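Asker: Next up is a structure, given as structure tokens.
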Amino acid sequence: MVERLKWLRQRVFWKSIRDREDFLDELCSIITLDLDFSHLDLEKILPKEEIDWLLREAVTGWDGYYTEFIHFVARTGYKDKPKIYEDGKPSSRCTTAIHYAAKRYSAIYDNYIIVRDLFRIYDRFDVNYIDKCGVTHFHVACTWGLFDVIEKFLEHGQDPNVLEPNKRNSPLHLALDHVASSEVIELLLRKGADLRLVNAEGLTPLHIFCKRYDDVDLAKLLLDLSNEKHQLSQVDVQDNLGNAPLNLALEHRHRNVAELLLRNGADPNLANAKGFTPLHKICRYWRDGCEAAEMLFQISAEKNEFVSLNALTKSGQTPLHIALSQRTLDKDLVLLLLMNGADYNLANAKGLTPLHIICQRKEYADFAELFFKIMDDMWQTVRVDARDKLGQTPLHLAVLHDNKSATEVLLRRGANPNLTNAEGLTPLHIICQSENREDLAKLFFKICKEVNQLVQVDAKDTKGRTPLQMAVANFMPDMVDLLLDNGADLSGLVLADVCEFGPKFVKQLERWSSFAVSFASGALAMVERLERRGYQLGRRDALMIMKLFAKYQLFEKSLDFKKSWYDDENGSKRFVNDNGLPCYAPELIEASFFLQCPQKRTKTSARFLSRLYGRTSRVASRDIRSSRTIYTAQILRFKLEISYNMISRVKDCIYHTIIHTRYSVRSCSSEVFNAAKKIIKRDDICATRSQKRRGVYKSEGTREL
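For the sequence shown, the positions run 1 to 705 when full-length UniProt numbering is used.
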């Protein structure tokens, strides 16, 4: 075997990294033969420098393969020998494979074996090798919890408090932050490890322990051994972020360690730099924090200490605010805070009271009623009309987030339905700003009638807008009916002025061509509904509608449908995809019937157009091959049909506006003018033909534009 290894080494040109790597590969292939290498003298085959390089390469190289070389070297009994200075002292300035292993591997069992084998090779404990970063072999041994190695270093006079230059971690910091062993911790403490040392982040060993472990026995060991040496236990020392060990234990949900700290004198009200006290930490980080909070209250009561329930963070949050703001509501914790005296009317930095937070969380649907019942049991009064910094009451937030349960509770508890926020918006304004809130509006009016609260349906915000105007501007015909049924004044509505507010769809209209269909059908439905309620379109209204349709290109010419349709064997029209293949989807049959029957257009409602548009959109999404042709064709066609319906309604107003008033043709865009001209001309021709068929046609002057 020795001759074989020597022969392999002689073939290597050592200055070539490729040759070295090939040599290591061949060594590993021989090693896997499971031979006995215990009597092999590796130094007779390879010099120290080459062995060191191979060990470093085995650590940094391919995982799970080159590491066999480390076990091989350890089995041969090879021992590293430090470089000796002229004065006879060994040099400690050397970056070894142990340093590379400390950077590469995490402290898990498989890697633990590798590091232990490396310490069998580098077994000079009187020499503590240090790399360029200041990390020593002793630091690595503490990081990996190698008890026997640490013990040998300490026996040779190693300082137990030597710090890393960069992060300034002591050996005790490293031992606690990785594989904390009670034997290692006790050994370091009994050999003089200082619990008062802080690292670059201001963390003491106790801080690190509280972040990592919930081990009461090890925590007792830390505290007991520190007391034996007459050192301060450091239970209230704060790190760079102001966190005491108790804060960190509660932040990481280590209940047992937190209890031990409290019983050993930890301050239950000590806040960090952000103002978070231990109670804030429980409310923020515990999913089920009632038990931990009870423990905090109980131990503090036993020691005659007061827990501050209303302490404010830098952002003005009390523990109650934080508990109510969590994704999952811990009702038991909230009840415990209230029963122990938490202020239920205290506002945070944004002016939000606990009731504001409850009302803006729709998932807390039933908790608003429970909150008021608790206050009733405690004979306390909640400010139902408290305002935040934006002037919003809990009722504003309840309707904003569609929280029907909270809305009903607030109204029955005396909330004022007519209060305005900083923008002059009442709760009814907010309801009319959002889609699909008709049910909420019905509930709002119903409860107000039951509690004899008069709703100011025509209240105006700071921009002069009423709820009715908002409902019209956002195309909410059902909401318009509801407002009018409850006393809204239609006489003051001018559709042209409402359109000036600009619907909230502008961005979608500019980005998505398909959204224009929804916009157009919504506008058509809104006009139909207003006309049924007695509204008469004026000339300004008609001109504004035409301008909007022109602005969003609703007068586009349709596609060349000769390329998108074909006649099947029965003579019916069918869509074809991009490859010229027929599409037989049922939705397209309905679409083809509609698009081939112009006489149906004026009788087709906006709701049907919107529904048909949605159905053909789904077909296009299913058949990818035909999607571009069908989708584009139906978008353009529906835009044209809806535009025709709308213009047919306003054509008379447009005609009189252009012909019989001072409005000149130049005041209209060319698109508006041309669209109106085509429709008026087409209707004149149709009317003339109809009169001739009935024999009632009389020659009159033709209308010309």
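Don't be surprised by glycine CBs; every beta carbon is placed ideally from N, CA and C.
These figures come from a predicted structure and were not determined experimentally.
Which one or two residues does DSSP pair with THR93 in a beta bridge?
Answerer: Note on residue identity: the sequence assigns Arg, not Thr, to residue 93. ARG93 pairs with ILE130.
Asker: For the pair the stretch 437-445 and the stretch 473-484, tell me if three or more CB-CB distances fall below 8 Å.
Answerer: Contact holds: three or more Cβ-Cβ distances are below 8 Å.
Asker: Identify every residue that forms a DSSP beta bridge with THR136.
Answerer: Beta-bridge pairing links THR136 to ILE130.
Asker: Could you have a look at ILE45 and say whether DSSP puts it in helix, strand or coil?
Answerer: Of the three classes helix, strand and coil, the one that applies to ILE45 here is coil, per DSSP.
Asker: Would ALA293 pass as a contact of LEU352 if the rule is Cβ separation under 8 Å?
Answerer: Not a contact, by the Cβ cut-off of 8 Å.
Asker: Applying the 10 Å Cβ sphere with the 16-neighbour rule, what's the burial state of MET339?
Answerer: When all chains shown are included, MET339 counts as exposed.
Asker: Using only alpha-carbon positions, find the residue among GLN360, ASP267 and LEU218 that is nearest to ASN304.
Answerer: With distances taken between Cα atoms, ASN304 lies closest to ASP267.
Asker: Rank CYS448, VAL162 and LEU524 by C-alpha distance to the C-alpha of ALA473 and give the top, closest one.
Answerer: Of the candidates CYS448, VAL162 and LEU524, the one whose C-alpha sits nearest the C-alpha of ALA473 is LEU524.
Asker: At 4 residues or longer, what runs of the alpha helix (DSSP H) sit wholly inside the stretch 436-500?
Answerer: Runs found: 438-450, 467-473, 477-485 and 495-500.
Asker: Going by the DSSP bridge assignment, what does ILE84 pair with across the sheet?
Answerer: DSSP lists PRO90 as partners of ILE84.
Asker: With 16 other CB atoms within 10 Å as the buried threshold, where does LYS281 fall?
Answerer: When all chains shown are included, LYS281 counts as buried.
Asker: Is it buried or exposed for GLY341, if we count other Cβ within 10 angstroms and need 16 for buried?
Answerer: So GLY341 ends up on the exposed side.
Asker: Any contact of the stretch 416-426 with the stretch 383-392, i.e. 3+ C-beta pairs under 8 Å?
Answerer: The answer is yes - the stretch 383-392 touches the stretch 416-426, with three or more Cβ pairs under 8 Å.
Asker: Are the Cβ atoms of TRP7 and GLU50 separated by less than 8 Å?
Answerer: No.
Asker: Please work out which residues of its chain come closer than 8 Å, Cβ to Cβ, to MET295, disregarding the five sequence neighbours upstream and downstream, and give them in chain order.
Answerer: Correct list, in chain order: ARG255, ALA258, GLU259 and LEU262.
Asker: DSSP three-state label for ALA258, please.
Answerer: It is helical.
Asker: What does the Cβ neighbour count give for PHE138, buried or exposed, with the cut at 16 atoms within 10 Å?
Answerer: With 16 or more other Cβ atoms within 10 Å, it is buried.
Asker: Just confirm the distance between the C-beta atoms of PHE119 and ALA102, as a whole number of angstroms; I'd bet it's less than 8 Å.
Answerer: That pair is no contact at about 11 Å.
Asker: Tell me the DSSP secondary structure of SER29 in three-state form.
Answerer: Of the three classes helix, strand and coil, the one that applies to SER29 here is helix, per DSSP.
Asker: So, helix, strand or coil for THR328, using DSSP?
Answerer: Coil, per DSSP.
Asker: From LEU397 to SER170, what distance separates their C-alpha atoms?
Answerer: C-alpha separation (whole angstroms): 52 Å.
Asker: Under 8 Å by Cβ, that's how I've got LEU355 and VAL382 pegged, so tell me the actual separation to the nearest angstrom.
Answerer: Confirmed, about 6 Å.
Asker: In terms of residue numbering, what span does the alpha helix (DSSP H) encompassing ASP377 cover?
Answerer: Unbroken alpha helix (DSSP H) run through ASP377: 367-377.
Asker: If you drop the 5 nearest sequence neighbours on each side, which residues of the same chain put their C-beta closer than 6 Å to that of ASN243?
Answerer: Same-chain partners within the cutoff: ASN272.
Asker: Quick one: grab the DSSP three-state call for TRP14.
Answerer: Coil, per DSSP.
Asker: State the DSSP-derived secondary structure class of LYS362, mapped to helix, strand or coil.
Answerer: Helix at LYS362.
Asker: Return the chain-ordered list of same chain residues with a C-beta closer than 8 Å to the C-beta of PRO82, the five sequence neighbours on each side being excluded.
Answerer: So the list reads PRO90, SER91, SER92, CYS94, ARG124, VAL127 and TYR129, once near-sequence residues are dropped.
Asker: Taking the C-alpha atoms as reference points, what is the distance between LEU530 and ILE545?
Answerer: Between LEU530 and ILE545, the C-alpha separation is close to 14 Å.
Asker: Kindly indicate which three-state DSSP category ARG196 falls into: helix, strand or coil?
Answerer: ARG196 falls in the coil class under three-state DSSP.
Asker: For ASN264 versus THR277, is the C-beta distance shorter than 8 Å?
Answerer: No, they are not a contact pair.
Asker: Return the first residue and the last residue of the alpha helix (DSSP H) that ASN247 is part of.
Answerer: Note, ASN247: alpha helix (DSSP H), 245-251.
Asker: Alpha carbon to alpha carbon, how far is LEU428 from VAL457? Give it in angstroms, no decimals.
Answerer: Looking at the two C-alpha atoms, the distance is approximately 7 Å.
Asker: Compute the Euclidean distance between the alpha carbons of ASP25 and TRP144, then round it to the nearest angstrom.
Answerer: Approximately 28 Å between the Cα atoms of the pair.
Asker: Quick check on residue 714: does DSSP put it in helix, strand or coil?
Answerer: Shown here, the chain extends from 1 to 705; a query on residue 714 therefore has no answer.
Asker: Can you name, in chain order, every residue of its own chain whose Cβ lies under 6 Å from the Cβ of ARG437, other than the five neighbours on each side?
Answerer: ILE431, listed in sequence order.
Asker: Output yes or no for whether 8 Å exceeds the beta carbon distance between residue 708 and ASP288.
Answerer: In the structure displayed, the chain extends from 1 to 705; residue 708 sits before or after that span and is not available.
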